[in-house]
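Residue numbers (my numbering): 16 to 211.
Input: a single structure, listed below in structure tokens.
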Ligand SMILES: [Fe+2]
């Protein structure tokens with residue numbers, strides 16, 4: 016099973032097109048969206064190709080493959096534009112692993128309110144791609160599709176056969192690690208040098 020995980024599109028139709036092309040290139044059976052889909056948000060600049068209506072139409076064309084959690088910029092009216100539900104959080108079961116999926120504005124790895132029964136936390140919100148392990152649990156952030164911060168590339172994550180790989184849109188690998196049951200040591204497969 017191959018799942019593309021993406022976050023923080025913020026209404027960019029042009030980057031949504033590139034994301035859907037990446038899903039096809041990766042042969043993804045599912046697209047997991049970690050929130051902040053249509054609205055740019057008052058703290059952000061307008062992303063390239065900003066067109067929330069067109070973004071909604073593009074995502075709706077992919078609706079049967081989408082699982083989506085709500086971000087802090089996703090309002091009730093945004094949900095009315097989408098042909099798939101926006102849930103507060105989701106637990107996905109893949110290859111014997113439990114992935115807890117959330118936007119991340121209310122919780123991070125150190126949040127004691129997170130459910131205990133997961134192996135991997137997937138969240139967005141920071142617009143910074145990340146992979147790390149803390150207290151025996153794995154955490155991955157795919158970065159932002161349209162508005163990356165910190166000089167990072169526009170990015171997404173691919174999950175396939177226990178491996179989480181964060182890529183830029185030329186499909187170059189930014190970070191790759193083996194995701195295992197909670198409590199196992201993290202096995203980093205590939206990593207870009209840390210950026211200043
Ligand atoms: Fe965001």
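Cβ coordinates follow ideal geometry from the N, Cα and C atoms, glycine included.
Everything numeric in this text was worked out from a predicted model, so none of it was measured.
Residue i, DSSP secondary structure in three states
i, result
"residue 59", "coil"
"residue 72", "helix"
"residue 191", "strand"
"residue 31", "helix"
"residue 147", "strand"
"residue 92", "helix"
"residue 113", "strand"
"residue 152", "strand"
Cα-Cα separation, residue i to residue j
i, j, result
"residue 97", "residue 64", "19 Å"
"residue 182", "residue 172", "6 Å"
"residue 32", "residue 80", "15 Å"
"residue 164", "residue 59", "10 Å"
"residue 75", "residue 99", "7 Å"
"residue 82", "residue 175", "16 Å"
"residue 35", "residue 67", "16 Å"
"residue 18", "residue 94", "22 Å"
Beta-carbon separation (whole angstroms), residue i vs residue j, contact threshold 8 Å
i, j, result
"residue 21", "residue 160", "5 Å"
"residue 52", "residue 89", "6 Å"
Sub-7 Å separation of residue i and residue j beta-carbons
i, j, result
"residue 137", "residue 108", "no"
"residue 112", "residue 197", "no"
"residue 180", "residue 170", "no"
"residue 25", "residue 62", "yes"
"residue 153", "residue 167", "no"
"residue 3", "residue 116", "This structure cannot speak to residue 3, because the chain is shown only from 16 to 211."
"residue 132", "residue 49", "no"
Contact with chain B by residue i, beta-carbon distance below 7 Å
i, result
"residue 180", "The structure shown contains no chain B; it holds only a single protein chain."
Quiz: which residues have CB nearer than 5 Å to ligand 1 non-hydrogen atoms: Contact residues of ligand 1 (beta-carbon closer than 5 Å to any heavy atom; chain order) are 23 and 51.
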